[in-house]
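Have a look at the structure below before the remarks.
Numbering (our numbering), first residue to last: -3 to 76.
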């Protein structure tokens, strides 16, 4: 039986994008393709997606994935 994919919502879509961005940031920093400032801007988007609590289990799972990824890369946030 196929796994049911939850319907897309703006919150889920943002969290999915942030979760997909984490490995891109990691690879860009490892290969020195991104400046620290550019990586920090991308990380600030990821951090923003995790700021509010989510009642939806899928959103909460994605937010935790993003938080763990941000802890791995440890990029400072650029406040605008």
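For glycine and all other residues, C-beta sits at the position ideal for the given N, C-alpha and C.
message: Starting from residue 53, trace the alpha helix (DSSP H) in both directions and tell me its first and last residue.
response: The count along the chain shown starts at 1 and reaches residue 53 at position 57. Its alpha helix (DSSP H) spans residues 53 to 69.
query: Taking the Cβ atom as the reference point for each residue, do residue 39 and residue 7 lie within a distance shorter than 8 angstroms?
result: Numbered from 1 along the chain shown, position 43 holds the residue referred to as residue 39. Numbered from 1 along the chain shown, position 11 holds the residue referred to as residue 7. Going by C-beta atoms, residue 39 is not nearer than 8 angstroms to residue 7.
Boundaries (first-last residue) of the alpha helix (DSSP H) holding residue 45: The residue given as residue 45 occupies position 49 in the chain shown. 32 to 45 is the span of the alpha helix (DSSP H), which, as asked, contains residue 45.
- request: Classify residue -2 as helix, strand or coil using the three-state DSSP reduction.
  value: Taking the chain shown and counting its residues from 1, the one referred to as residue -2 is at position 2. Three-state result, residue -2: coil.
query: Just checking, does the segment 64 to 71 make contact with the segment 18 to 32 on the three C-beta pairs under 8 angstroms criterion?
result: yes
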